[in-house]
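First residue of the sequence shown: 0, per numbering that gives the first Met the number 0; consecutive thereafter.
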Amino acid sequence: MSALARQVAEVRTVADKRLHTTVTRAPRRADPALPGVLVATLKTPEGKRYSELERMRRPPTRTPAPP
(Lines of atoms letter the chains of each structure in order from A; the text may use other names.)
(Lines give C-alpha, C1' and ligand atoms only; values in the text may rest on other atoms or scores of the structure.)
Protein backbone atom coordinates (compact mmCIF):
# COMPACT_ATOMS: atom_id res chain seq x y z
CA MET A 0 0.00 0.00 0.00
CA SER A 1 1.41 3.37 -0.97
CA ALA A 2 1.89 6.27 1.40
CA LEU A 3 -0.81 8.21 -0.40
CA ALA A 4 -3.30 5.34 -0.05
CA ARG A 5 -2.56 5.14 3.70
CA GLN A 6 -3.07 8.88 4.10
CA VAL A 7 -6.34 8.78 2.19
CA ALA A 8 -7.56 5.86 4.32
CA GLU A 9 -6.59 7.71 7.50
CA VAL A 10 -8.38 10.90 6.42
CA ARG A 11 -11.49 8.91 5.52
CA THR A 12 -11.49 7.23 8.93
CA VAL A 13 -11.23 10.56 10.71
CA ALA A 14 -13.99 12.05 8.55
CA ASP A 15 -16.24 9.02 9.15
CA LYS A 16 -15.78 9.31 12.92
CA ARG A 17 -16.51 13.04 12.83
CA LEU A 18 -19.65 12.48 10.74
CA HIS A 19 -20.85 9.71 13.06
CA THR A 20 -20.35 11.94 16.10
CA THR A 21 -22.23 14.80 14.47
CA VAL A 22 -25.15 12.61 13.42
CA THR A 23 -25.47 10.88 16.78
CA ARG A 24 -25.48 14.19 18.68
CA ALA A 25 -28.02 15.90 16.40
CA PRO A 26 -31.20 14.39 17.93
CA ARG A 27 -30.18 15.40 21.45
CA ARG A 28 -29.47 18.95 20.31
CA ALA A 29 -32.85 19.15 18.59
CA ASP A 30 -34.76 17.86 21.63
CA PRO A 31 -33.21 16.24 24.72
CA ALA A 32 -36.09 13.71 24.90
CA LEU A 33 -35.80 12.70 21.24
CA PRO A 34 -33.20 9.91 21.62
CA GLY A 35 -35.49 8.10 24.08
CA VAL A 36 -38.46 8.51 21.76
CA LEU A 37 -36.44 7.13 18.84
CA VAL A 38 -35.31 4.11 20.86
CA ALA A 39 -38.91 3.47 21.91
CA THR A 40 -39.90 3.12 18.24
CA LEU A 41 -37.56 0.11 18.00
CA LYS A 42 -39.44 -1.89 20.61
CA THR A 43 -42.20 -4.25 19.55
CA PRO A 44 -45.31 -3.67 21.70
CA GLU A 45 -46.85 -6.64 23.51
CA GLY A 46 -49.20 -8.51 21.20
CA LYS A 47 -47.88 -6.82 18.05
CA ARG A 48 -45.76 -8.35 15.30
CA TYR A 49 -43.82 -5.25 14.29
CA SER A 50 -42.13 -2.35 16.00
CA GLU A 51 -43.51 1.15 15.56
CA LEU A 52 -40.53 1.99 13.38
CA GLU A 53 -41.29 -0.94 11.07
CA ARG A 54 -44.93 0.15 10.89
CA MET A 55 -43.89 3.68 9.88
CA ARG A 56 -41.33 2.37 7.39
CA ARG A 57 -43.74 0.14 5.48
CA PRO A 58 -46.17 1.61 2.98
CA PRO A 59 -49.86 0.87 3.47
CA THR A 60 -50.72 -2.51 1.98
CA ARG A 61 -54.35 -1.74 1.33
CA THR A 62 -55.52 1.55 -0.05
CA PRO A 63 -59.16 2.51 -0.06
CA ALA A 64 -60.92 2.54 -3.41
CA PRO A 65 -61.88 5.97 -4.69
CA PRO A 66 -65.57 6.85 -4.15
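Where a beta carbon is used, it is the ideal one built from N, C-alpha and C, also for glycine.
Here the alpha carbon of A25 sits roughly 10 Å from the alpha carbon of H19.
Residue nearest to L52 within the set V7, T62, A64, L37 is L37 (criterion: CA-CA distance). Taking T43 as the centre and dropping the five residues before and after it, the same chain places the C-beta of Y49, S50 closer than 7 Å to its C-beta, in chain order.
L33 and A2 have their C-alpha atoms some 43 Å from each other.
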